[in-house]
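Have a look at the structure below, then the notes.
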Amino acid sequence: GLPGVQALAKLFFVGGPRQVDAEAAALLALAHKSGSPDRCTDALVDQQAWQSQVAGVNDEASRVLFDIVATDAAARHVNIYEVISCAAVLSPHLPKDVKLAIICGLWSGREDGRLSIEAVGNLLNATLLGL
Numbered sequence: 206g207l208p209g210v211q212a213l214a215k216l217f218f219v220g221g222p223r224q225v226d227a228e229a230a231a232l233l234a235l236a237h238k239s240g241s242p243d244r245c246t247d248a249l250v251d252q253q254a255w256q257s258q259v260a261g262v263n264d265e266a267s268r269v270l271f272d273i274v275a276t277d278a279a280a281r282h283v284n285i286y287e288v289i290s291c292a293a294v295l296s297p298h299l300p301k302d303v304k305l306a307i308i309c310g311l312w313s314g315r316e317d318g319r320l321s322i323e324a325v326g327n328l329l330n331a332t333l334l335g336l
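Going by my numbering, the first residue of the sequence shown is number 206, and it counts up by one from there.
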């Protein structure tokens with residue numbers, strides 16, 4: 206398999222349902238703190254923030270993934286929307302309904318979780334960029 210996909214599978218959503226819920230909530234909070242869905246291109250996370258989010262899970266996978274998805278040539282930042290979108294969509298550990306809940310929680314600015322056309326476009330763009 207591809208190194209990035211393998212790294213995602215080792216880093217995200219590997220625990221039981223309660224751990225997945227807590228992890229998803231923390232990831233969504235980090236993303237929304239970094240930038241709103243409509244300003245997702247500005248939601249950059251540096252290596253320190255990245256390490257604090259995935260600390261102790263799998264250090265090698267963390268380094269590999271950060272290097273692969275870095276948004277700049279010096280590998281100083283990752284776009285957290287791209288990472289979370291890819292982690293949810295490509296996760297072999299999550300059922301489809303949980304993937305959908307994470308994606309809607311990440312990309313919807315609405316109480317009911319519905320996605321606008323713009324949000325869907327941003328989601329597809331971020332997921333493709335992350336791949």
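Glycine included, every Cβ here is placed at the ideal spot set by N, Cα and C.
Quick caveat: nothing in here was measured; it's all calculated off a predicted structure.
Practice problem: Take Phe271 and list the residues in its own chain whose beta-carbon comes closer than 8 Å to its own, dropping the five residues that flank it on each side. | Solution: Against the sequence shown, residue 271 aligns to sequence position 66. Excluding residues within five positions, the ones whose Cβ falls inside 8 Å are Gln252, Trp255, Ala280 and Val283.
Exercise. Check whether the Cβ atoms of Trp229 and Gly310 lie closer than 9 Å to each other.
Key: One-based indexing of the sequence shown puts residue 229 at position 24. One-based indexing of the sequence shown puts residue 310 at position 105. According to the sequence provided, residue 229 is Ala. The question's Trp does not apply to it. Closer than 9 Å, so yes.
Quiz item: Would you say Leu232 and Ile307 are within 9 Å of each other, going by their C-beta atoms?
Solution: In the sequence shown, counting from the first residue as 1, residue 232 sits at position 27. In the sequence shown, counting from the first residue as 1, residue 307 sits at position 102. A contact, by the Cβ cut-off of 9 Å.
Quiz item: Cα-Cα, which of Val294, His298 and Ile273 is closest to Gly221?
Solution: Residue mapping note: residue 221 aligns to position 16 of the sequence shown, counting from 1. Closest by alpha carbon: His298.
Exercise. Name the residue from Pro242, Glu265 and Val250 whose alpha carbon lies nearest to the alpha carbon of Gly326.
Key: Sequence index remark: in the sequence shown, residue 326 carries index 121 (1-based). The shortest C-alpha separation from Gly326 is found at Pro242.
Quiz item: For Asp251, which three-state DSSP category applies?
Solution: For the purposes of this step, residue 251 is identified with residue 46 of the sequence shown, where counting begins at 1. Here Asp251 sits in strand by DSSP.
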